[in-house]
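Be aware that the sequence shown starts at -16, since it is given in our numbering, and climbs by one per residue.
Using N, Cα and C, we set each Cβ at its ideal position, and we do this for glycine too.
All values reported here derive from a predicted model rather than from experimental measurement.
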Amino acid sequence: MARVAPTFRPREPLTHTPDGKTRTLPLDRDRFTVGRSSASELCYPEDAGLSRQHLAIEKSGDSWIVRDLKSKNGTFVNGARITEPYTLGPDDRVTAGHLNIEFAEKISVPANTVVFVEGTSSTPVSTTASTNLQGLLNQDKDGSGAQMKALIRVGRELSGNMPLNELFKLIMNLSMEAVGAARGVLMTLEGDDLVVRAAHGEGFRISSAVRDVVINDKTSLLVRDARLDEAFAGRMSIVQQQIRSMLAVPLQTDDRVIGLIYLDSPHFVHEFTKDDLNLLTVMANVAAIRIEHTRLAEVEQAERMLAKELEQAAEIQRRLLPAAAPSVPGVDLAGYNAPCRTVGGDYYDFITYPDGRVAILVGDVAGKGMPAALLMSSLQARVQVLFDEPVDVAALVMRLNRIITSNCPSNRFISFFIGVLDPKTGELTYVNAGHNPPLVARRDGSVEKLDCTGLILGIMSSARYEQKAVTLQPGDAVVLFSDGVTEASRPDKDEEFGEDRLAESFSKLRNDPAKEIIEAINRQVHYFTAGSPPADDITLVIAKRLAVQ
-16 MARVAPTFRP
-6 REPLTHTPDG
4 KTRTLPLDRD
14 RFTVGRSSAS
24 ELCYPEDAGL
34 SRQHLAIEKS
44 GDSWIVRDLK
54 SKNGTFVNGA
64 RITEPYTLGP
74 DDRVTAGHLN
84 IEFAEKISVP
94 ANTVVFVEGT
104 SSTPVSTTAS
114 TNLQGLLNQD
124 KDGSGAQMKA
134 LIRVGRELSG
144 NMPLNELFKL
154 IMNLSMEAVG
164 AARGVLMTLE
174 GDDLVVRAAH
184 GEGFRISSAV
194 RDVVINDKTS
204 LLVRDARLDE
214 AFAGRMSIVQ
224 QQIRSMLAVP
234 LQTDDRVIGL
244 IYLDSPHFVH
254 EFTKDDLNLL
264 TVMANVAAIR
274 IEHTRLAEVE
284 QAERMLAKEL
294 EQAAEIQRRL
304 LPAAAPSVPG
314 VDLAGYNAPC
324 RTVGGDYYDF
334 ITYPDGRVAI
344 LVGDVAGKGM
354 PAALLMSSLQ
364 ARVQVLFDEP
374 VDVAALVMRL
384 NRIITSNCPS
394 NRFISFFIGV
404 LDPKTGELTY
414 VNAGHNPPLV
424 ARRDGSVEKL
434 DCTGLILGIM
444 SSARYEQKAV
454 TLQPGDAVVL
464 FSDGVTEASR
474 PDKDEEFGED
484 RLAESFSKLR
494 NDPAKEIIEA
504 INRQVHYFTA
514 GSPPADDITL
524 VIAKRLAVQ
């Protein structure tokens, strides 16, 4: 029995993880689950102390309850393990695995409220200091005014939005002007390599010692006179360029270095100071953060564009597949396709012929996503042309294989099945090019396989294919499927749905209409995988010969 507790309005629960991070869970639905499964609203796959489906937080009337989902390590509220639903009260703390979920009373004070209180004096006391922006810009004692102006300018200039290539040039120019450098170069780390992004001057020969100190030790470096510095005086890269004074600082965000800025002054045009080094170090930090923000913004923009393009590609792909199965006298047809990503590599189709026959086709391109989708669309186009007149199905499949082999990348291939059914005689003539063997369910409940009659498409251009035939009696049905059905896995253990389970289900469902058979198999796969997202594209096609009226 659930514990009875006074009704309280919890604020959004806070989830605390072992790494010190806090995550807020908006209470915008009636049920949340926590666990390692990706289907959970709070998913923590790295927490070994959690079960895949560990606990649920549910709304019950005006209250919220926590329910343990038969987890292995248990769910605890305020340190006590619960075995029954527990109604949450003020300041309750739920513990599961390494997570702590904190609840608290929602305070009925308007958010973001600030209250000002009367002061006792309008005159600042002796411990109070004050300044203003204009005063900082005008001060010039010890040159600090120039440095302050440089920092303020950096903040202003880098606050705008601009492409990365323009941002690199701006940072380079600001850095040189701030310290009076004659030459400079800005480089970013791309993998293990430093890539030049902006430069003023040419012929830079930077000592590897300078590079390593800046990148590996995250240290800013000032050399006032390279000729007198023991570490650099003997290095030809310094001597040949007549470098006298140099600065090198890391482009660093928090504890991560993303590149460096190098400035120098040949011929002793200007000797850099420690203040220059400090200024450039701070400027480089601000610049690095701006670079990372700009990169993230560009990545997000690219991802939005890609998502839009993928959705458009998915719409095009949906139009390539049948909107509905054709109406063919003497046979009940149905098809279903669901890509595991936005677009997929599974293909199915129906082609009707004037003499009453119908071709039933299924293909599965190796791989997922856009590459597989492109090959799928190519397959669909070629099939529509080649199988317009299926006089010799095996010969047409051999021709299709030669075309695909000449155009298909070496790491891609296509499994393919075509069956031409004559509803009048029940004869199904078929060729199976390495596809999952379709299953035939007989009226007596027995199930047969239509095994392969040749290699998968795209491997060997000279491959030959055999044409076979099987007769469907009235009431018999055949199911074509992709491996997304049979290889669907349980989330909690290494077990697949498998052909045997599909055959058993198909046999029991054989008397139902074709569309209902597909719906029932999909429900069974969904239940078997506990609703987990599919790992592969799923395709099902049913052809059922109708009884003679």
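Specify the secondary structure class of residue i as computed by DSSP and reduced to three states.
| i | result |
| --- | --- |
| D332 | strand |
| H81 | coil |
| M219 | Only weak support is given to the placement of M219: the predicted model assigns it a pLDDT of 49, under 50, and the value that follows is read from those uncertain coordinates. Residue state, collapsed to three classes: helix. |
| I401 | strand |
| M266 | helix |
| H418 | coil |
| T256 | coil |
| M443 | coil |
| Q36 | coil |
| K527 | strand |
| L(-3) | strand |
| K491 | helix |
| D247 | strand |
| Q450 | coil |
| I189 | coil |
| R484 | helix |
| Q235 | strand |
| D477 | coil |
| T388 | helix |
| K432 | strand |
| T277 | helix |
| F511 | helix |
| K291 | helix |
| G409 | coil |
| G467 | helix |
| R12 | coil |
Could you tell me whether any non-hydrogen atom of the ligand ATP is closer than 7 angstroms to the CB of residue i?
| i | result |
| --- | --- |
| D329 | The ligand ATP is not part of the structure shown, which contains no ligands of any sort. |
Within a Cβ cutoff of 6 angstroms, which residues of the same chain sit near residue i, ignoring the five residues on either side of it in sequence?
| i | result |
| --- | --- |
| S472 | E479 |
| S444 | R385 and T388 |
| C391 | G441 |
| V(-13) | Any reading at V(-13) needs caution, since the residue's pLDDT is 45, under 50, leaving its predicted position unreliable; the model's value is listed next. Here the set comprises nothing. |
| S515 | A22 and P474 |
| T277 | L147 and L150 |
| I521 | A321, G467 and V468 |
| A181 | F151, K152, M155 and L169 |
| T58 | L38, D51, I65 and A79 |
| S113 | Model confidence at S113 stands at a pLDDT of 47, short of 50, so the residue's coordinates are unreliable; what they give is reported in the following sentence. None. |
Assuming residue i and residue j form a contact by the criterion Cβ under 8 angstroms, report the distance between their Cβ atoms to the nearest whole angstrom.
| i | j | result |
| --- | --- | --- |
| L344 | Y331 | 6 angstroms |
| L440 | I387 | 5 angstroms |
| I501 | L529 | Not quite, the Cβ-Cβ distance comes to about 17 angstroms (not below 8 angstroms), so this is no contact. |
| I397 | V348 | 5 angstroms |
| V461 | L485 | Not quite, the Cβ-Cβ distance comes to about 13 angstroms (not below 8 angstroms), so this is no contact. |
| D593 | N61 | Here the chain has residues from -16 to 532 only, and residue 593 is not among them. |
| A321 | P517 | 7 angstroms |
| R35 | S20 | 4 angstroms |
| L205 | V193 | Between V193 and L205 the Cβ distance is about 11 angstroms, and since that is not below 8 angstroms, they are no contact. |
| G163 | M155 | Rounded, the Cβ-Cβ distance is 14 angstroms, inconsistent with contact. |
Closer than 7 angstroms by C-beta to residue i: which residues in its own chain qualify, once you throw out the five before and the five after it? Chain order, please.
| i | result |
| --- | --- |
| L438 | A416, G417 and A446 |
| E140 | L153 and L157 |
| D315 | P496, A497, K527 and L529 |
| A356 | A296, Q300, V326, G327 and G328 |
| K257 | L205 |
Under 8 angstroms Cβ to Cβ from residue i, same chain only, skipping five residues before and after it: list those, please.
| i | result |
| --- | --- |
| A241 | One detail in the question is off: residue 241 reads as Ile in this sequence, not Ala. Counting only Cβ-Cβ distances below 8 angstroms, and skipping sequence neighbours, we find T171, L172, L234, Q235, A271, I274 and E275. |
| T436 | A377, Y413, V414, N415, A416, Y448, E449, Q450 and K451 |
| P305 | G318, Y331, D332 and F333 |
| F489 | L422, A424, V430, A460, V462, I500 and I504 |
| N494 | G458 |
| V179 | V168, L169 and M170 |
| P312 | G339 and P406 |
So what does residue i bridge to, in DSSP terms?
| i | result |
| --- | --- |
| H183 | G167 |
| F59 | R64 and T78 |
| Q284 | According to DSSP, Q284 bridges with nothing at all. |
| A460 | A424 and K527 |
| L177 | L172 |
| L204 | A231 |
| I521 | A321 |
| L25 | V17 |
| R136 | In DSSP, R136 forms no bridge with anything. |
| D51 | L38 |
| S43 | S46 |
Pick out the complete beta strand (DSSP E) segments inside the segment 306 to 376, 3 residues or longer, and give them in chain order. 314 to 321, 329 to 335 and 341 to 348
Mind pulling the alpha helix (DSSP H) runs of 4 or more residues that sit fully within the segment 140 to 167? 147 to 162
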